[in-house]
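**Q** Numbering-wise (my numbering), the sequence shown opens with residue 212 and increments by one. Just so you know, even glycine gets a beta-carbon here, dropped at the ideal spot from N, CA and C. Structure below; questions to follow.
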Amino acid sequence: MLNTVEFLRKTPISTPIHGSLKGLKSSQLKQLQRLYQQSVPSDRLTTPELAQRIAALSTELNQAVCVYLNRRGKVIRVGVGSPRQTQIPAIELPRYGAERLSGIRCLAATPKDIPPKESSLTAMVLQRLDALVTFTLTQTGTTKRGRGAAGYVKQGYVAHLLPQTHPSHEYWEVSTAQTLEDIAEQDFLDLVEGLEEEFRREFTAQKVDQTHDRVILVGLQTDGVKDQRFTDGLTELARLVDTAGGEVLLTIEQRRSQPHPQTLVGAGKVDEIALQIQTLGASLVVFDQDLSPAQSRNLERKFGIKVCDRTEVILDIFAQRAQSRAGKLQVELAQLEYMLPRLTGRGQAMSRLGGGIGTRGPGETKLETERRTIQSRLSRLQKEVDQLQAHRSRMRNQRQRQDVPTFSIVGYTNAGKSTLINALTNAEVYAADQLFATLDPTTRRLTLTDDDHETRTILLTDTVGFIHELPPALVDAFRATLEEVTEADALIHVIDLSHPAWQHQLFSVEKILGEMPIMPAQALIVFNKLDQVSSEALETAKTLYPNAVFISAGDRLGFETLRQRLVQMLKHL
Numbered sequence: 212m213l214n215t216v217e218f219l220r221k222t223p224i225s226t227p228i229h230g231s232l233k234g235l236k237s238s239q240l241k242q243l244q245r246l247y248q249q250s251v252p253s254d255r256l257t258t259p260e261l262a263q264r265i266a267a268l269s270t271e272l273n274q275a276v277c278v279y280l281n282r283r284g285k286v287i288r289v290g291v292g293s294p295r296q297t298q299i300p301a302i303e304l305p306r307y308g309a310e311r312l313s314g315i316r317c318l319a320a321t322p323k324d325i326p327p328k329e330s331s332l333t334a335m336v337l338q339r340l341d342a343l344v345t346f347t348l349t350q351t352g353t354t355k356r357g358r359g360a361a362g363y364v365k366q367g368y369v370a371h372l373l374p375q376t377h378p379s380h381e382y383w384e385v386s387t388a389q390t391l392e393d394i395a396e397q398d399f400l401d402l403v404e405g406l407e408e409e410f411r412r413e414f415t416a417q418k419v420d421q422t423h424d425r426v427i428l429v430g431l432q433t434d435g436v437k438d439q440r441f442t443d444g445l446t447e448l449a450r451l452v453d454t455a456g457g458e459v460l461l462t463i464e465q466r467r468s469q470p471h472p473q474t475l476v477g478a479g480k481v482d483e484i485a486l487q488i489q490t491l492g493a494s495l496v497v498f499d500q501d502l503s504p505a506q507s508r509n510l511e512r513k514f515g516i517k518v519c520d521r522t523e524v525i526l527d528i529f530a531q532r533a534q535s536r537a538g539k540l541q542v543e544l545a546q547l548e549y550m551l552p553r554l555t556g557r558g559q560a561m562s563r564l565g566g567g568i569g570t571r572g573p574g575e576t577k578l579e580t581e582r583r584t585i586q587s588r589l590s591r592l593q594k595e596v597d598q599l600q601a602h603r604s605r606m607r608n609q610r611q612r613q614d615v616p617t618f619s620i621v622g623y624t625n626a627g628k629s630t631l632i633n634a635l636t637n638a639e640v641y642a643a644d645q646l647f648a649t650l651d652p653t654t655r656r657l658t659l660t661d662d663d664h665e666t667r668t669i670l671l672t673d674t675v676g677f678i679h680e681l682p683p684a685l686v687d688a689f690r691a692t693l694e695e696v697t698e699a700d701a702l703i704h705v706i707d708l709s710h711p712a713w714q715h716q717l718f719s720v721e722k723i724l725g726e727m728p729i730m731p732a733q734a735l736i737v738f739n740k741l742d743q744v745s746s747e748a749l750e751t752a753k754t755l756y757p758n759a760v761f762i763s764a765g766d767r768l769g770f771e772t773l774r775q776r777l778v779q780m781l782k783h784l
């Protein structure tokens, strides 16, 4: 007699048995495999013969048995265990879209004399099954050669999905207990066609814009993270997704003492997210914490759509913003350094994509490119960044020989740095109410007049904005750009005082600056957007930073004070 391992080794790959097979005899495995030879009329949920056969096996094994059929009535999957334990991975399901069902139904026999559990119904939603038919058992019955099984089915329940416009606002509907004969007589095609017509009407009403990612945000609050900081982080993530061109449909939150090692959030929350993906027709899930390569792969298998984290969204924004050759070069380097360890196992999920957040890039290399090719490309990019570093170093040395002091404008993204340099120098640096509107450093001359009416010229350099937990890949790739900060004679740190989390943003920038190898001795704190600031925030800032300057770059308020402070700083350079 073959043991289970030997049987599985000899079993054709096209007819595997899924679920929990431990302890099963080879004869039982053969009976399960013979279910693949069964079929039912395409217009019926099941036949009494097939239902009794499944119930007989469930009785013998004392475990649930599930059989999955396609619209033609052909068995395509057999499993031992509940519908949740034997469900088809999302990545393997047909992708018909939110307006259609999967074209697959599940017949499940269970030893327990109860209606289908919520976990089984959730599995039905996740797979968008045409129907879930659950049979309970009599615990008796007969199986005769040539006549088949009989008397094993006690009763059954038929469950199907509901459109979200349904008055009950439920995900599903479960029938009352029915006889096997009544279930076998139901018009299956009429049920499915009616449901899909309702789903199509609902889908049309949503007016889905296929040119934008439909995004679900997921936030995990672990021990030690304060409520306000967590909320601010999710708000910023939503802004990042909007900047990247996505549409935020829903934000899902969870509190855990520590992240789940396999999926970041817990199993129940994963199911909740998967339900919302189906309900809302989402095309992307974005997590507020960095995902490990294994977590990304596990979640994409669960959801069947692209999953990315905060870092990937930031990289995508940089890819869209890069205009100069230097900017594109540094973005591609950052993307490849981030993606390289995440390439394994992403082929299936990537094959379903048609572009969008996390898939853009200014370079030629695609994520499916072989690892060796990407590593070679990384080496070339590193050399080009080194050359860029050397070129910018020569430019700085030339400016220093001309004895023109340089002030680098730094600050959190969207603090108003580009607006400030435009207002001071009448330049036309691109400025917008967007995150990371500036990517390439821009230098402009500014003439100042001191108390003795003597003029001095300084150089103002607009730099890329910082952000909380700036991705290490970006810090490394943009080292040539960030050297404009470290090599400056002084810094002008611009803070958006109208932002609720301005103090956290200020500390985030100071933390990044503190990690740089060399820093200018002088720095001036400039609070911007004075025209939008509450009196409470203004008083707090004045108390904490009495030597700061308060301006509105957009309305050119406080510029005279700013110019005077710059003149004073020049005297100490």
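Quick one: give me the first and last residue of the alpha helix (DSSP H) that L773 is part of.
**A** Along the sequence shown, one-based indexing puts residue 773 at 562. Element bounds for L773: F770 to L781.
**Q** By the three-class DSSP mapping on this structure, what secondary structure does Q531 have?
**A** For the purposes of this step, residue 531 is taken as the residue at position 320 of the sequence shown. Helix at Q531.
**Q** So what does DSSP say about Q439, is it helix, strand or coil?
**A** To locate residue 439, count along the sequence shown from 1; it is residue 228. The answer is helix: DSSP assigns Q439 an H, G or I state.
**Q** Would you give the residue range spanned by the alpha helix (DSSP H) that N633 belongs to?
**A** Here residue 633 is taken as the residue at index 422 of the sequence shown, counted from 1. Residues K628 to T636.
**Q** Compare the Cα-Cα distances from H229 to each of S293, Q775 and G435 and report the closest residue.
**A** Taking the first residue of the sequence shown as 1, we reach residue 229 at position 18. Looking at the Cα atoms, S293 is the closest of the given residues.
**Q** Kindly list the residues whose CB is nearer than 6 Å to the CB of Q432, restricted to its own chain and excluding five residues on each side of it in sequence; keep chain order.
**A** For the purposes of this step, residue 432 is taken as the residue at position 221 of the sequence shown. Closer than 6 Å at the Cβ level, and outside the excluded window around Q432, lie F441 and R466.
**Q** CA-CA distance, I325 and Q389?
**A** To locate residue 325, count along the sequence shown from 1; it is residue 114. To locate residue 389, count along the sequence shown from 1; it is residue 178. So the two alpha carbons sit approximately 13 Å from each other.
**Q** Count Cβ pairs between the region 325–341 and the region 229–239 that sit closer than 8 Å; are there 3 or more?
**A** no
**Q** Which word fits P470, buried or exposed, when buried means at least 16 other C-beta atoms lie within 10 angstroms of its C-beta?
**A** By 1-based counting over the sequence shown, the position of residue 470 is 259. Its Cβ being crowded by 16 or more others within 10 Å, P470 is buried.
**Q** Counting along the chain, where does the alpha helix (DSSP H) carrying Y549 start and finish?
**A** As a first step, residue 549 must be located in the sequence shown, where it is residue number 338. Per DSSP, Y549 belongs to the alpha helix (DSSP H) from R536 to M550.
**Q** Do E464 and G430 have their C-beta atoms within less than 8 Å of each other?
**A** Stepping through the sequence shown from its first residue, residue 464 is reached at position 253. Stepping through the sequence shown from its first residue, residue 430 is reached at position 219. Contact: yes.
**Q** Within a Cβ cutoff of 6 Å, which residues of the same chain sit near L784, ignoring the five residues on either side of it in sequence?
**A** Position 573 of the sequence shown holds residue 784. Hits under 6 Å: P616 and D700.
**Q** Quick check: what's the CA-CA separation for D424 versus G362?
**A** Here the question's residue 424 lines up with position 213 in the sequence shown. Here the question's residue 362 lines up with position 151 in the sequence shown. Cα to Cα, D424 sits roughly 52 Å from G362.
**Q** Can you tell me which residues form a DSSP beta bridge with N281?
**A** Numbered from its first residue, the sequence shown carries residue 281 at position 70. I315, per the DSSP bridge assignment.
**Q** Enumerate in chain order the residues of its own chain whose CB-to-CB distance from M727 is below 6 Å, with the five nearest sequence positions on each side excluded.
**A** Taking the first residue of the sequence shown as 1, we reach residue 727 at position 516. Excluding residues within five positions, the ones whose Cβ falls inside 6 Å are T697.
**Q** Enumerate in chain order the residues of its own chain whose CB-to-CB distance from T351 is below 7 Å, with the five nearest sequence positions on each side excluded.
**A** Locating residue 351 in the sequence shown gives position 140, counting from the first residue. Taken in chain order, the residues that qualify are G362.
**Q** Could you pull the start and end residues of the alpha helix (DSSP H) that G725 belongs to?
**A** If you number the sequence shown from 1, residue 725 lands on position 514. Boundaries of the alpha helix (DSSP H) around G725: W713 to G725.
**Q** Which word fits N625, buried or exposed, when buried means at least 16 other C-beta atoms lie within 10 angstroms of its C-beta?
**A** The residue given as residue 625 occupies position 414 in the sequence shown. The residue is buried, with at least 16 neighbouring Cβ atoms inside 10 Å.
**Q** Flag this pair as yes or no: are the beta carbons of V497 and L428 separated by less than 8 Å?
**A** Translated into the one-based positions of the sequence shown, residue 497 becomes position 286. Translated into the one-based positions of the sequence shown, residue 428 becomes position 217. Yes, the Cβ-Cβ distance between V497 and L428 is below 8 Å.
**Q** Tell me whether I678 counts as near the ligand ATP, meaning its Cβ is closer than 7 Å to at least one heavy atom of that ligand.
**A** Looking at this structure, you won't find the ligand ATP or any other ligand, since it has none at all.
**Q** Taking 8 Å as the cut-off, decide whether the C-beta atoms of Q506 and T474 are in contact.
**A** Sequence index remark: in the sequence shown, residue 506 carries index 295 (1-based). Sequence index remark: in the sequence shown, residue 474 carries index 263 (1-based). Yes, they are a contact pair.
**Q** Among residues of its own chain, excluding the 5 on either side of A395, which ones have a beta-carbon nearer than 8 Å to its beta-carbon?
**A** Here the question's residue 395 lines up with position 184 in the sequence shown. Cβ within range, chain order: R255, L256, T257, T258, P259 and A262.
**Q** Do F346 and G359 come within 8 Å of each other at the CB atom, strictly closer than that value?
**A** Position 148 of the sequence shown, counted from the first residue, corresponds to residue 359. Position 135 of the sequence shown, counted from the first residue, corresponds to residue 346. No. Outside cutoff.
**Q** Can you tell me the Cα-Cα spacing of G574 and L451, whole angstroms?
**A** Against the sequence shown, residue 574 aligns to sequence position 363. Against the sequence shown, residue 451 aligns to sequence position 240. Residue placement at G574 cannot be trusted, given a pLDDT of 46 that sits under 50; the coordinates are not used to answer.
**Q** Hey, how far is the Cα of F618 from the Cα of G627?
**A** Counted from its first residue, the sequence shown places residue 618 at position 407. Counted from its first residue, the sequence shown places residue 627 at position 416. Each residue's alpha carbon lies about 16 Å from the other.
**Q** Just to check my reading of the structure: V291 and Y247 have Cβ atoms closer than 8 Å, yes? What is that Cβ distance to the nearest angstrom?
**A** Walking along the sequence shown from the start, residue 291 turns up at place 80. Walking along the sequence shown from the start, residue 247 turns up at place 36. Actually they do not touch by this definition, with Cβ atoms about 14 Å apart.
**Q** Under the assumption that A759 contacts I736 (Cβ atoms under 8 Å), give the Cβ distance between them as a whole number of angstroms.
**A** Here residue 759 corresponds to residue number 548 of the sequence shown, with the count starting at 1. Here residue 736 corresponds to residue number 525 of the sequence shown, with the count starting at 1. That belief holds up - the Cβ atoms of A759 and I736 are roughly 4 Å apart, short of 8 Å.
**Q** Tell me, to the nearest whole angstrom, how far the beta carbon of L318 is from that of T270; I am working on the premise that it is less than 8 Å.
**A** For the purposes of this step, residue 318 is identified with residue 107 of the sequence shown, where counting begins at 1. For the purposes of this step, residue 270 is identified with residue 59 of the sequence shown, where counting begins at 1. Contact doesn't hold; Cβ gap of about 15 Å is too wide.
**Q** Can you tell me where the beta strand (DSSP E) holding S619 begins and where it ends?
**A** Translated into positions along the sequence shown, residue 619 becomes position 408. It spans T617 to G622 - the beta strand (DSSP E) in which S619 sits, taken as one unbroken run.
**Q** Which of the three DSSP states, helix, strand or coil, is assigned to Q242?
**A** Within the sequence shown, residue 242 is the residue found at index 31, counting from 1. In this structure, Q242 counts as helix in the three-state DSSP scheme.
**Q** Let me check one thing: in DSSP terms, what residues is V497 bridge-paired to?
**A** Along the sequence shown, one-based indexing puts residue 497 at 286. Looking at the DSSP output, V497 bridges to L428 and C519.
**Q** Tell me whether N273 sits in a helix, a strand or coil according to DSSP, three-state version.
**A** Position 62 of the sequence shown, counted from the first residue, corresponds to residue 273. Residue state, collapsed to three classes: coil.
**Q** Which partner residues does F346 have in the DSSP bridge list?
**A** In the sequence shown, the residue the question calls residue 346 occupies position 135. Partner(s): A320 and G367.
**Q** Buried or exposed for N739, please, with buried defined as at least 16 other CB atoms from any protein chain shown within 10 angstroms of its CB.
**A** Within the sequence shown, the letter at position 528 stands for residue 739. Under the 10 Å beta carbon count, N739 is surrounded by 16 or more other beta carbons and is classified as buried.
**Q** Quick one: residues in its chain with C-beta nearer than 8 Å to the C-beta of S494, no 5 flanking neighbours on either side, listed in chain order?
**A** Translated into the one-based positions of the sequence shown, residue 494 becomes position 283. Same-chain partners within the cutoff: D424, R425, V426, I516, K517 and G567.
**Q** DSSP three-state call for E458: helix, strand or coil?
**A** Residue 458 sits at position 247 when you count from the first residue of the sequence shown. Strand at E458.
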